[in-house]
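A short write-up of the structure that comes next.
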Amino acid sequence: MSEATPELPSADLLHIGAHTFRSRLFVGTGKYKDFAETSAALLASGAEVVTVAVRRVDLSARGEGSLLGFLRERRFTLLPNTAGCYTAEDAVRTCRLAREILGESLVKLEVLGDPKTLFPDVVQTLEAAKILVKEGFTVLPYTSDDPITARKLEDVGCAAVMPLAAPIGSGLGVRNPYNLAIILDTVKVPVIVDAGVGTASDAAIAMELGCHGVLMNTAIAGARLPLTMASAMRKGVEAGREAYLAGRIERRLYATASSPLAGVLGSKHA
Amino acid sequence: MSEATPELPSADLLHIGAHTFRSRLFVGTGKYKDFAETSAALLASGAEVVTVAVRRVDLSARGEGSLLGFLRERRFTLLPNTAGCYTAEDAVRTCRLAREILGESLVKLEVLGDPKTLFPDVVQTLEAAKILVKEGFTVLPYTSDDPITARKLEDVGCAAVMPLAAPIGSGLGVRNPYNLAIILDTVKVPVIVDAGVGTASDAAIAMELGCHGVLMNTAIAGARLPLTMASAMRKGVEAGREAYLAGRIERRLYATASSPLAGVLGSKHA
Amino acid sequence: MSEATPELPSADLLHIGAHTFRSRLFVGTGKYKDFAETSAALLASGAEVVTVAVRRVDLSARGEGSLLGFLRERRFTLLPNTAGCYTAEDAVRTCRLAREILGESLVKLEVLGDPKTLFPDVVQTLEAAKILVKEGFTVLPYTSDDPITARKLEDVGCAAVMPLAAPIGSGLGVRNPYNLAIILDTVKVPVIVDAGVGTASDAAIAMELGCHGVLMNTAIAGARLPLTMASAMRKGVEAGREAYLAGRIERRLYATASSPLAGVLGSKHA
Amino acid sequence: MSEATPELPSADLLHIGAHTFRSRLFVGTGKYKDFAETSAALLASGAEVVTVAVRRVDLSARGEGSLLGFLRERRFTLLPNTAGCYTAEDAVRTCRLAREILGESLVKLEVLGDPKTLFPDVVQTLEAAKILVKEGFTVLPYTSDDPITARKLEDVGCAAVMPLAAPIGSGLGVRNPYNLAIILDTVKVPVIVDAGVGTASDAAIAMELGCHGVLMNTAIAGARLPLTMASAMRKGVEAGREAYLAGRIERRLYATASSPLAGVLGSKHA
Amino acid sequence: MRIQVNGEPREVAEETSIRALIEALGLGAVPVAVERNHDLVPRALHEATALRDGDQLEVVHFVGGG
Amino acid sequence: MRIQVNGEPREVAEETSIRALIEALGLGAVPVAVERNHDLVPRALHEATALRDGDQLEVVHFVGGG
Amino acid sequence: MRIQVNGEPREVAEETSIRALIEALGLGAVPVAVERNHDLVPRALHEATALRDGDQLEVVHFVGGG
Amino acid sequence: MRIQVNGEPREVAEETSIRALIEALGLGAVPVAVERNHDLVPRALHEATALRDGDQLEVVHFVGGG
């Protein structure tokens, strides 16, 4: 969090593998209008980790380099994803290429089950994770909100698990807080909610559950005012994290007065 | 909001009667451990408007003055409430006294229906509002989430309406977003959600609905770490406001990819 | 309920004023395609109480009588409403006429606040209720889900209270179960949920909260297959009532096995 | 459904593999007080399919036979489960034994991931399903609400899929209706909600989503009055199914009058 | 003489009773209630109550409604 | 003479003004409002208003509240 | 000779068939299934299958479960 | 000789190294990774690796994605 209150340790840091981050908001770099909008939104989000995709160089086009240049110059941590892969084999191959590009072994593993829901294929994801961990990658797998699968991903050595809140790009928010709560009870590695967030309160809710971070792209890039939404998400994640650390009041069906009862004038109830 | 993005007018101000505020978080000053905690929490919240209660001076006790001194020195706008009043008559009498104390005519009108739910008595509230407006008060009435009552309060000249999200101190959050949405469609004066908020995402949700502000006390004062929750609420309100202004993506049952589909390696689906 | 289980008193009856009913589903008679559909749907619903509106005889039209004839022949209890009234005066006048038509003093009091939301004007409703009770009517008032207003309606002598679940005809279901629960704690007269139900589970939810009955019209008349929905609603109300009486299991975040753990073959966990 | 309305085909039947059922409520036979309660509850539920567990004969105890005798005499369809199995191997072995007992090949495949959540191990479940289908079993697999896993189970030849609504015995109801809706869009075999239902409206909600049946045990056996809850669940499932077939009204934020607007007396709005 | 029934003008003979009017309107068999000049006229008095020139009558009944 | 302040009996000298009473109560520096016999006494009149025997006074101020 | 049934040791005569064992266990009327040394023995073979010393048997049936 | 780069045919001189090809493609300054005939070629070997007739090359880089 930017400014910690006196009640908190001076810094509330997120550790993933060998990495340490202050920001708990991870953002994608796709779907923006142009490079200027992308870079402005990334800065407004306060994110330290940004995802990128691995794609064939388009030999007909040119001058695509600007994004990567910006990301490296601003010292963002790059998180290459395997978006678009539907088999463990394709995902592993993509991760190997990603590592070769900049020599970093941090990857977002994403093996999709079908193009309509973009839900993960958890069987293929587990297979790919096993191989990648053996090859020394720091693996952050996109997964369903099934606690058993999350535990298996931890067991094979993933550095975090990234359950979905709702389908990628759906903006439905946390559909099943119960499963996320169980995952948080079940695994020791950080839990980063990946996909499905639509607005700032969705991000806050994920953090209030105790999740360690939130990853999003469409919710910011697809908003009417992406920079403003990036700022909203930054604050939403921080607000949710602080509320989690602060320890909220319990829910009660009935009321409790917030002004003193003594010294009221003439009330029959005082 | 603290820092506006380039996409927004340099300032997003809240106008209530003759008053103008930058912060949309209103906080109570009750239920804190001591004066030190109260003042630190108020500062952490970034609030400009704070509620106070009107009570008989306790002639046996002494040195109570510190809170008011702090509030005036830091230029908080005081919003005296009529908490504890169960009749229009008591509430009007309390408002007249409140105005006499500092000469300010801004009041939070609160006429309760019973001590268990602390729900408003809307009939008595309407009566009191009529009288107070005639006497030149700037009236902010605590009310139910009934759109018809909200419209009547506007009709009699209230400067804002303050529907409850849930029972005072219950921490249940926005129980009925539909009614709040209808109130926002129905009245032109600002709508400040008063009571029921429990955590930062609750505040964000109220703001994302289009509410103009949120008033709370127990959610901050009753948290395990009040200063941290005050900061969380500040960010939650700002996050919700910015998300509202940013224009969130639409909710959809199915997914949309956030990485480009072209140039994927070897995927059967690409 | 049609067939009670051995665990229950042979009959589970609903008492309102001097009336006793077996069915807890009250249905409206408006918005059906024709008389045949209306009568078939009423029979399929198993309802004993049906609402009717009081309107000027259309002197140009003819033969409208069939509905009333059917209702009287089948011994339905008629519940004339004051739909369309926006003042206490109009509602009282309408009730007096209603009583004159058949000599029955059971009325559904409905004083609307505006034509867009069709929410009740609780101030006018309270005024009308006072007058009607004095004149010997058995008053069933349509009201908001505000517990304070519900208590006042009971205090002035209403025989039941009929809070809305959601706006009339909206089909949104029980928007605020918390308020209904508080109303059920607050008043001793029967609580009939009136308006807003959209499907069978909505009716079941209202009954599971402990409500004593449900009144609906659009949800049945507006369904693609009104007779089938009438049957669904009948079962939904009975299911919800029985579930309420049966005492549901508590909600728990974690699982409990429903098969014995002993004697499992070869499981590492047994 | 017991009595179909004229609007519906005379019978609304559920086909699973070679089996045909009228009732869409499947019930377990565990956790009841005694045999008398079990049999009375099964009859009250109207269920045609009941689950049983496969366990070692307790050679010290005696006279256990009564339940099976009752089930066969009343012609219930037995659905042996593999509850308590944590590996594909144990589950397959258990199914082979189950088939040998009565010569029926209908089985409920259940391979658990851990004893705390009783969530399925979808990897092991898929492996077991493949083997069992090859061996000629009619396989009904308990699974998570992940649409990709559901599709794979269909692909390997399961006769239905049984996603959980919430953890077994939790009574939380349908936690993620979105995933169930997507599963219903994705597979052609029947979708039976298995586990997590707590009360009648939960069952109705599952059926209103379009699910083809609901399986439960704890919600009935654990209720204060199990027979009454069995009847409630029967009606809840029928109500939800009929509401689904009837085609509910659309949800709208605003109201629509259910009484005619013409001919109202003296209303300013009419 | 001239009266109004449910907002429409109508000619009736002198001394016509409310009962007679209802019959004339073909509503003899229909359960209705009647207001004259905004005052309810109990059924018991329909026979005995003679209409006067300029009377405003409301004749209402039950219709389908929710 | 004898008056009541916030429900408690109190002896004050004849001709004591409300202002003087407030000082005597040690509230000179505290922003307060005063009712005498249920009627508000504007601050401007505190100096000029002399208490009478049997007066009932309410002296209120702001405290923390939500 | 000595065998194990559902984990408990048991003495049976040479040449005892599975069918005979089931009868001896008082389970003749109960629908059961039998594994010998982890292999399922189809009912049709219960008569013909003679137990051997050290055999491990599992005898299972249906019980209430969800 | 004839090779394929990202699915498109291309003529290159004998003994052209992967490094040389990358330069020729104007990608000298862009961080890329290269597969030859589905096998990754580590950057360290780009210089030393000579292309052969019929080679299939994939040249990939990072683009915006979520």
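Chains as they are written, first to last, in our numbering: chain G, 1 to 270; chain V, 1001 to 1270; chain B, 2001 to 2270; chain R, 3001 to 3270; chain E, 4001 to 4066; chain U, 5001 to 5066; chain H, 6001 to 6066; chain D, 7001 to 7066.
Positions of the beta carbon are idealized from the N, C-alpha and C atoms, including for glycine.
Source: prediction; values computed, not measured.
Chain G within 7 Å of residue i, Cβ atoms only
{"i": "U:Gly5066", "result": "yes"}
{"i": "V:Lys1108", "result": "no"}
Three-state secondary structure (DSSP) of residue i
{"i": "G:Ser259", "result": "coil"}
{"i": "B:Phe2076", "result": "coil"}
{"i": "V:Glu1100", "result": "helix"}
{"i": "U:Glu5023", "result": "helix"}
{"i": "R:Thr3087", "result": "coil"}
{"i": "B:Ile2205", "result": "helix"}
{"i": "G:Asp185", "result": "helix"}
{"i": "V:Ile1249", "result": "coil"}
{"i": "H:Glu6014", "result": "coil"}
{"i": "R:Ala3069", "result": "In the sequence as displayed, the identity of residue 3069 of chain R is Gly instead of Ala. If DSSP states are grouped into helix, strand and coil, R:Gly3069 belongs with the helices."}
{"i": "B:Ala2270", "result": "At B:Ala2270 the pLDDT is 36, less than 50, meaning the model places this residue with poor confidence; the figure from the coordinates comes in the next sentence. Here B:Ala2270 sits in coil by DSSP."}
is_contact[residue i, chain D] using C-beta, thresh 7 Å
{"i": "G:Arg56", "result": "yes"}
Residue i: contacting residues in chain G (beta-carbon distance under 7 Å)
{"i": "B:Ala2181", "result": "Leu253"}
Cβ of residue i within 7 Å of any chain E Cβ
{"i": "B:Leu2097", "result": "yes"}
Residue-chain proximity (residue i, chain V), Cβ-Cβ < 7 Å
{"i": "G:Met162", "result": "no"}
{"i": "B:Thr2117", "result": "yes"}
{"i": "B:Ile2205", "result": "no"}
Residue i at chain B interface by Cβ criterion, 7 Å
{"i": "R:Asn3176", "result": "no"}
{"i": "V:Ile992", "result": "As shown, chain V starts at 1001 and ends at 1270. That puts residue 992 of chain V outside it, with no answer to give."}
{"i": "V:Val1189", "result": "no"}
Under 8 Å by beta carbon: chain V residues contacting residue i
{"i": "G:Ala128", "result": "The contacting residues do not exist; G:Ala128 stays about 13 Å from chain V at best."}
Chain-ordered neighbours of residue i on chain R, where CB pairs are closer than 7 Å
{"i": "E:Glu4058", "result": "Leu3265"}
Proximity test, Cβ basis, 7 Å: residue i and chain H
{"i": "B:Ser2045", "result": "no"}
Under 8 Å by beta carbon: chain D residues contacting residue i
{"i": "G:Lys31", "result": "Gly7064, Gly7066"}
Min CB distance residue i to chain R below 7 Å
{"i": "H:His6061", "result": "yes"}
{"i": "G:Ser285", "result": "Look at the range of chain G in this structure, 1 to 270, and you will see that residue 285 of chain G is not part of it."}
{"i": "B:Pro2141", "result": "no"}
{"i": "B:Leu2013", "result": "no"}
Proximal chain B residues relative to residue i, where beta-carbon distance stays under 8 Å
{"i": "E:Val4005", "result": "Leu2059"}
{"i": "R:Thr3218", "result": "Ile2249, Thr2256, Ser2258"}
Contacts of residue i in chain R (Cβ-Cβ under 9 Å)
{"i": "B:Gly2113", "result": "Residues of chain R passing the Cβ test: none, with the nearest at roughly 10 Å."}
Per-residue contacts from residue i into chain H (C-beta, under 9 Å)
{"i": "R:Ala3053", "result": "Phe6062, Val6063, Gly6064, Gly6065, Gly6066"}
Chain U contact for residue i (CB, 7 Å cutoff)
{"i": "V:Leu1102", "result": "yes"}
Residue i: CB within 6 Å of a non-hydrogen atom of the ligand ADP
{"i": "G:Lys188", "result": "This structure does not include the ligand ADP; it has no bound ligands of any sort."}
Under 7 Å by beta carbon: chain D residues contacting residue i
{"i": "G:Gly198", "result": "Chain D residues near G:Gly198: none, gap ~14 Å exceeds 7 Å."}
Neighbour list for residue i in chain G, Cβ cutoff strictly below 9 Å
{"i": "V:Arg1072", "result": "Simply none; closest approach about 19 Å."}
Contact set between residue i and chain E, taken where Cβ atoms lie within less than 9 Å
{"i": "B:Thr2138", "result": "Those do not exist, as B:Thr2138 stays about 17 Å from chain E at its closest Cβ, beyond 9 Å."}
Residues that residue i contacts on chain R, provided the C-beta gap is smaller than 8 Å
{"i": "G:Asp202", "result": "Chain R residues near G:Asp202: none, gap ~14 Å exceeds 8 Å."}
Output the residue ranges of the beta strand (DSSP E) runs that lie fully inside the segment 3104-3165 of chain R and measure 3 residues or longer, sorted by chain position. 3106-3109, 3138-3143
At a Cβ cut of 9 Å, what residues of the segment 7020-7044 of chain D count as close to chain G, listed as they run along the chain? Listed by position, the residues of the segment 7020-7044 of chain D near chain G (Cβ gap below 9 Å) are Leu7025, Gly7026, Leu7027, Ala7029, Val7030, Pro7031, Val7032, Ala7033, Val7034, Glu7035, His7038, Leu7040, Val7041, Pro7042, Arg7043.
Output, in sequence order along the chain, the residues in the segment 75-100 of chain G whose CB is closer than 7 Å to any CB in chain V. Asn81, Ala83, Gly84, Cys85, Tyr86, Asp90, Arg93, Thr94
So within the segment 3013-3064 of chain R, which uninterrupted beta strand (DSSP E) runs reach at least 3 residues, ignoring any that extend past its ends? 3014-3016, 3019-3021, 3025-3028, 3049-3056
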